[in-house]
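Trainee: Line by line, the protein sequences are chains A and B.
In our numbering, each number is its position in the first sequence, counted from 1, plus 287.
In our numbering, each number is its position in the second sequence, counted from 1, plus 19.
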Amino acid sequence: MQFRLEKRREPSKLMTYLTPVAAVVLTMVVGAVIFSAIGYDGIGAVREIFLTPLTNSFKWQDLGVKAAPLIIIGVGLSIAYRANVWNIGAEGQYVMGGLAATGVALATYTMTGWWILPLMFVAGMLGGAAYAAIPALLKTRLNVNEILTSLMLTYASVQLIYYLVRAPWKDPMGMGFPQTRRFAADALLPNIIPTTIVHAGVPIAIIVALIAWFVMSRSVFGYQMKVVGAAPHAARYGGFSENKTIWLAMLVSGGLAGMAGMLEVAGPFQRMVPGFPTNYGFTAIIVAFLGRLNPLGVIFAGIVMAITFVGGEVAQTTIGLSSSATGVFQAMMLFFLLAGDILIRYRIKRVVPVVEARA
Amino acid sequence: MTLTRRNVLKVGAAAAALPLLGGKAFAQAEPLKVGFMLIGTVNDNGWNFGHAQGAKFMKEALGDAVAEPTIVENVPEGPDCERVLRELAQSGHKLIFATSFGYGDYVIKVAEQFPDVKFEHATGYQRSDNVATYNARFHEGRAVCGTIAGHLSKTGKAGYIGSFPIPEVVLGINSFVLAARKVNPAFEITPVYISTWNDPAKEADAARAMIDQGIDIIAQHTDGPAALQVAEERGIVGGFGQGADMVAFAPKAQLTSIIDNWGPTYVESAEAVIAGTWASADRWPGLKEGEVQIGPYNASIPADVVAAAEAVKAGQIDGSFNIFTGPINDHTGAERVAAGVTLTDGELLSMDWYVEGVNPPA
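Structure (structure tokens):
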């Protein structure tokens with residue numbers, strides 16, 4: 288018996304929005320079955336990973352703080368991916384945004400003033416955008432694949448952190464540990480809810496997603512991005528420049544990744560450390576797709592990913608599930624999502640072998 | 020338990036934990052919940068394995084007085100560890116061990132929010148009323164390894180894979196070189212810092228690069244056996260296990276190993292919390308107390324070298340020998356410690372200079 292994938296004429300709108308939900312549900316069901324089969328408390332694992340972070344109000348602050356950078360970066364990536372510009376290096380742009388903000392924080396270390404944080408904010412966005420400009424330049428001038436250049440620049444950015452925190456920016460009070468000094472009070476992101484760890488980056492993430500949704504659905508810019516991505520030929524006839532689109536997509540996604548870097552370094556980290564790159568830039572790729580490349584969907588997806596991170600730790604402390612299990616759940620989710628996407632666009636058809644009739 | 024908002028909110032979590040407690044409902048006291056936060060996985064066969072063994076030892080020694088220890092693996096040194104610390108504290112752990120240097124800031128921060136929880140930070144330097152620090156004098160073991168290296172190395176050059184140039188690591192490098200140079204005055208090493216505690220690929224790459232440059236002994240201050248595996252594969256004179264006996268990974272290349280024996284100190288801390296006598300302090304035991312142990316010597320090491328190594332070990336246990344007694348020159352050749360003077364613990368814990376024989380890394 289053979290099967291074949293046959294293209295559907297029109298992908299179902301409804302299913303497009305249902306597959307992410309189905310992927311999450313399938314992940315929970317299959318995860319419970321698999322972990323039970325290998326001798327763990329499978330249902331407990333699913334409960335701790337997916338439900339405890341939602342039911343325990345103490346975890347909400349963690350979800351917000353973990354989801355914020357994922358949402359900000361994910362929004363930028365969803366805009367770029369809509370235009371078929373494959374920026375895989377958001378992690379590097381996040382790092383450069385963090386470094387640019389750190390540069391401002393250290394340069395203004397002895398100063399005070401309300402203007403320091405906004406300056407860091409702008410520096411972070413510019414840092415990320417400037418780093419994303421390199422793949423954009425190479426792509427538009429030399430037609431170099433942006434997937435490779437943006438990805439490889441990520442590794443260069445990590446080395447730059449190592450260099451900076453070891454020599455020029457090293458904390459004089461850090462016992463030789465490679466890290467910058469803790470930022471001065473005016474360079475730290477304020478907490479917006481007292482006695483929690485919720486910092487200003489959390490509402491900023493929501494605002495960014497809402498603005499992006501408005502721009503993408505209501506402006507010429509958004510229209511241009513979508514048309515160039517969906518129908519490049521039509522876009523050319525329509526007078527949209529492909530190079531200009533690449534530039535815009537890279538600068539916006541890089542700038543947002545840089546913004547996330549600034550918010551992280553001035554918020555949870557409070558100083559630059561070698562452990563600053565924590566894969567937000569890569570995880571945000573899953574978030575962008577899980578959110579259907581729609582800024583509002585990205586909010587939902589960012590929170591779902593944050594749940595698996597926070598819940599993974601809950602599962603470790605409460606039922607002793609290994610940390611690798613979190614990775615298994617995240618991978619299953621992406622797998623089911625991509626599999627679902629295939630089934631939206633194609634249907635499985637059984638191939639009946641044609642038996643030749645002999646005369 | 021006082022009736023605060025925090026406790027009321029905790030009811031949900033407590034309800035989930037009820038079935039666990041059911042069997043012990045009639046025990047006299049609630050068993051102490053002890054949490055361990057690790058930077059790697061317990062099966063790294065080195066640093067994290069050592070702490071997990073310590074946790075196991077504690078449970079076996081104290082029985083029903085403590086609950087099954089909670090171990091959280093793969094916690095990065097950053098804001099993520101703050102969340103894990105809070106999670107442990109909120110879920111009723113009254114004693115929490117944070118076992119990597121970079122957790123320091125976050126331990127202090129979370130400890131402020133949970134004054135009734137005791138925190139112990141391994142290898143750190145920041146303390147508060149409910150944060151203690153503890154470490155082991157690994158450098159004493161390094162002196163034993165360095166003695167063996169000085170005897171066995173043919174090229175007189177060793178490699179050393181470090182994580183970060185913090186005093187704890189610098190101490191180990193200096194101790195190793197000082198011991199080796201007592202045997203072979205021309206001995207030198209070149210450390211490489213790889214900016215992580217656990218990345219087998221990076222550790223192996225560094226080992227290969229250094230072997231290509233002519234070293235025939237390798238030591239490492241990272242968490243796993245990757246460098247030793249490369250030593251085994253390339254057939255150099257050998258290397259040393261760090262944190263645990265790694266002989267299974269390098270039966271020929273592991274000359275001996277420095278074993279971290281955290282069990283007794285974990286028992287002591289847990290007993291102190293149960294008895295209510297716990298107090299913030301800095302503990303720094305070594306070979307004498309048995310917190311640092313030297314593993315079995317490789318059968319290939321000549322008897323006189325084993326005897327020399329054992330002498331260095333015995334001298335450090337009975338106090339007749341201290342590797343950091345002058346005269347000691349720094350890497351430029353200038354005298355740093357005068358003859359007969361021994362560096363104090365304070366000077367050791369802030370050591371940021373290399374002794375003669377170390378080619379300082381860029």
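Glycine is no exception: its CB is placed at the ideal position from the N, C-alpha and C atoms.
Any beta-carbon of chain B closer than 8 angstroms to the one on Q617 (chain A)?
Mentor: Counted from its first residue, the first sequence places residue 617 (chain A) at position 330. No, Q617 (chain A) lies away from the interface with chain B (no Cβ there is under 8 angstroms from its Cβ).
Trainee: Y144 (chain B) CB to nearest chain A CB: under 8 angstroms?
Mentor: On the second sequence, residue 144 (chain B) is found 125 positions in, with the first residue counted as 1. Interface residue, yes.
Trainee: Beta-carbon within less than 6 angstroms of V360 (chain B)'s beta-carbon, same chain only, minus the 5 sequence neighbours each way: which residues are those?
Mentor: For this step, residue 360 (chain B) is matched to residue 341 along the second sequence. Correct list, in chain order: G345.
Trainee: Cβ of S194 (chain B) less than 8 angstroms from any chain A Cβ?
Mentor: Along the second sequence, read from residue 1 onward, the residue named residue 194 (chain B) stands at position 175. Not closer than 8 angstroms to any Cβ of chain A, the Cβ of S194 (chain B) fails to qualify, so no.
Trainee: Show which residues of chain A have a CB atom less than 7 angstroms away from the CB atom of F183 (chain B).
Mentor: The sequence position of residue 183 (chain B) within the second sequence is 164, counting from 1. In chain order: F464 and P465.
Trainee: Return the chain-ordered list of same chain residues with a C-beta closer than 7 angstroms to the C-beta of P298 (chain A), the five sequence neighbours on each side being excluded.
Mentor: Locating residue 298 (chain A) in the first sequence gives position 11, counting from the first residue. Once the five neighbours on either side are set aside, the close Cβ partners of P298 (chain A) are I631 and R632.
Trainee: May I have the straight-line CA-CA distance separating S194 (chain B) from P356 (chain A), to the nearest angstrom?
Mentor: The residue you call residue 194 (chain B) lines up with position 175 of the second sequence. The residue you call residue 356 (chain A) lines up with position 69 of the first sequence. If you take the alpha carbons of S194 (chain B) and P356 (chain A), they lie about 44 angstroms apart.
Trainee: Quick one: which unbroken beta strand (DSSP E) runs of 3-plus residues sit fully inside the region 47–108 of chain B? Chain order, please.
Mentor: Correct list: 53–56 and 89–91.
Trainee: Under the three-state reduction of DSSP, which class applies to A168 (chain B): helix, strand or coil?
Mentor: Position 149 of the second sequence, counting from 1, holds the residue named residue 168 (chain B). Looking at A168 (chain B) - three-state DSSP - the assignment turns out to be helix.
Trainee: List, in chain order, every chain B residue whose beta-carbon is nearer than 8 angstroms to that of Y633 (chain A).
Mentor: Here residue 633 (chain A) is taken as the residue at index 346 of the first sequence, counted from 1. Near Y633 (chain A) there are no residues of chain B at all, since even the closest Cβ is about 38 angstroms away, more than 8 angstroms.
Trainee: Excluding sequence positions up to five away, which residues of its chain have a Cβ less than 6 angstroms from the Cβ of Y373 (chain B)?
Mentor: The residue given as residue 373 (chain B) occupies position 354 in the second sequence. Counting only Cβ-Cβ distances below 6 angstroms, and skipping sequence neighbours, we find H350 and P379.
Trainee: Rounding to the nearest angstrom, what Cα-Cα distance links V639 (chain A) and I360 (chain A) in this structure?
Mentor: As a working mapping, residue 639 (chain A) is identified with position 352 in the first sequence. As a working mapping, residue 360 (chain A) is identified with position 73 in the first sequence. One C-alpha to the other measures close to 47 angstroms.
Trainee: Determine the DSSP secondary structure at S344 (chain A), reduced to helix, strand or coil.
Mentor: Here residue 344 (chain A) is taken as the residue at index 57 of the first sequence, counted from 1. Three-state DSSP puts S344 (chain A) in a helix.
Trainee: Against chain A, with Cβ distances strictly below 8 angstroms, would P98 (chain B) count as a contact?
Mentor: Here the question's residue 98 (chain B) lines up with position 79 in the second sequence. Judged by the 8 angstroms Cβ criterion, P98 (chain B) is in contact with chain A.
Trainee: Answer yes or no: does any C-beta atom of chain A fall closer than 8 angstroms to that of E139 (chain B)?
Mentor: Taking the second sequence and counting its residues from 1, one reaches residue 139 (chain B) at position 120. Not one chain A Cβ lies under 8 angstroms of E139 (chain B).
Trainee: Between the Cα of R161 (chain B) and the Cα atoms of B:D218, B:T215, B:G258 and B:A80, which residue gives the shortest distance?
Mentor: Position 142 of the second sequence, counted from the start, is the residue given in the question as residue 161 (chain B). With distances taken between Cα atoms, R161 (chain B) lies closest to B:G258.
Trainee: Can you check whether the CB of G516 (chain A) is closer than 8 angstroms to the CB of V189 (chain B)?
Mentor: The sequence position of residue 189 (chain B) within the second sequence is 170, counting from 1. The sequence position of residue 516 (chain A) within the first sequence is 229, counting from 1. Their beta carbons are not under 8 angstroms apart, which means V189 (chain B) does not touch G516 (chain A) by this criterion.
Trainee: Excluding the five sequence neighbours on either side, which residues of its own chain have a C-beta within less than 6 angstroms of the C-beta of P219 (chain B), listed in chain order?
Mentor: Taking the second sequence and counting its residues from 1, the one referred to as residue 219 (chain B) is at position 200. So the list reads G243 and A245, once near-sequence residues are dropped.
Trainee: In chain B, which residues lie less than 8 angstroms from P555 (chain A) when you measure between Cβ atoms?
Mentor: For the purposes of this step, residue 555 (chain A) is taken as residue 268 along the first sequence, with counting starting at 1. Those are G97, P98 and E101, listed as they occur along chain B.
Trainee: Can you pull the chain A neighbours of L107 (chain B), defined as C-beta to C-beta under 7 angstroms?
Mentor: Translated into positions along the second sequence, residue 107 (chain B) becomes position 88. The answer, in chain order, is T604.
Trainee: Based on Cα-Cα distance, which residue from B:D224, B:G254 and B:Q261 lies nearest to A238 (chain B)?
Mentor: Mapped onto the second sequence, residue 238 (chain B) falls at position 219. The residue with the shortest Cα to Cα distance from A238 (chain B) is B:Q261.
Trainee: Only counting the same chain, and skipping five residues up and downstream in sequence, which positions put a Cβ closer than 8 angstroms to that of I594 (chain A)?
Mentor: In the first sequence, residue 594 (chain A) corresponds to position 307, counting from 1. If we look at I594 (chain A) and ignore the five residues flanking it on each side, its Cβ neighbours are I336, F337, P340, L341 and L350.
Trainee: Taking only runs of the alpha helix (DSSP H) that begin and end inside the region 477–521 of chain A, which ones reach a length of at least 4 residues, in chain order?
Mentor: Taking only runs of at least 4 residues, the alpha helix (DSSP H) segments lying wholly in the region 477–521 of chain A are 488–505 and 507–517.
Trainee: To the nearest angstrom, how far is it from the Cα of S365 (chain A) to the Cα of Q232 (chain B)?
Mentor: Along the first sequence, one-based indexing puts residue 365 (chain A) at 78. Along the second sequence, one-based indexing puts residue 232 (chain B) at 213. Looking at the two C-alpha atoms, the distance is approximately 47 angstroms.
Trainee: Go ahead and label Q109 (chain B) buried or exposed: buried means 16 or more other beta carbons lie within 10 angstroms of its beta carbon, across all protein chains shown.
Mentor: To locate residue 109 (chain B), count along the second sequence from 1; it is residue 90. Result: buried.
Trainee: What would DSSP say about S384 (chain B), mapped onto helix, strand or coil?
Mentor: Any property of residue 384 (chain B) remains undetermined from this structure, which presents chain B solely from 20 to 381.
Trainee: Tell me the DSSP bridge mates of S276 (chain B)?
Mentor: Here residue 276 (chain B) corresponds to residue number 257 of the second sequence, with the count starting at 1. According to DSSP, which records beta bridges pairwise, S276 (chain B) is partnered with B:G260.
Trainee: Give the residues from the region 325–346 of chain A that approach chain B closer than 7 angstroms (Cβ to any Cβ), ordered along the chain.
Mentor: From the region 325–346 of chain A, only T342, N343, S344 and F345 have a Cβ closer than 7 angstroms to chain B.
Trainee: Indicate whether at least one CB of chain A lies closer than 8 angstroms to the CB of A354 (chain B).
Mentor: Numbered from its first residue, the second sequence carries residue 354 (chain B) at position 335. Here residue 354 (chain B) turns out to be Glu, not Ala, going by the sequence shown. Chain A contact via Cβ: absent.
Trainee: Taking C-beta pairs closer than 9 angstroms, name the residues in chain A that T89 (chain B) reaches, listed in chain order.
Mentor: Along the second sequence, read from residue 1 onward, the residue named residue 89 (chain B) stands at position 70. The answer, in chain order, is Q603, T604, T605 and G607.
Trainee: Is P379 (chain B) close to chain A, meaning its C-beta is less than 8 angstroms from at least one C-beta of that chain?
Mentor: Locating residue 379 (chain B) in the second sequence gives position 360, where the first residue counts as 1. False, the Cβ-Cβ gap to chain A never drops below 8 angstroms.
Trainee: Helix or strand or just coil, what does DSSP make of S147 (chain B)?
Mentor: The residue labelled residue 147 (chain B) in the question sits at position 128 within the second sequence. The answer is strand: DSSP assigns S147 (chain B) an E or B state.
Trainee: Counting beta carbon pairs with one atom in the region 133–153 of chain B and one in the region 324–343 of chain B, are three or more of them shorter than 8 angstroms?
Mentor: The answer is no - the region 133–153 of chain B does not touch the region 324–343 of chain B, with fewer than three Cβ pairs under 8 angstroms.
Trainee: Are the region 545–559 of chain A and the region 381–399 of chain A in contact at 8 angstroms, needing three or more beta carbon pairs?
Mentor: Taking 8 angstroms as the limit for Cβ pairs, the verdict is that the region 381–399 of chain A does touch the region 545–559 of chain A.
Trainee: Against chain A, does F157 (chain B) count as a neighbour if the rule is that its beta carbon must be under 8 angstroms from one of theirs?
Mentor: Your numbering for residue 157 (chain B) matches position 138 in the second sequence. Answer no: the Cβ-Cβ gap between F157 (chain B) and chain A never drops below 8 angstroms.
Trainee: Name the chain B residues that come within less than 7 angstroms of D349 (chain A), Cβ to Cβ?
Mentor: Indexing the first sequence from 1 puts residue 349 (chain A) at position 62. The contacting residues are R102.
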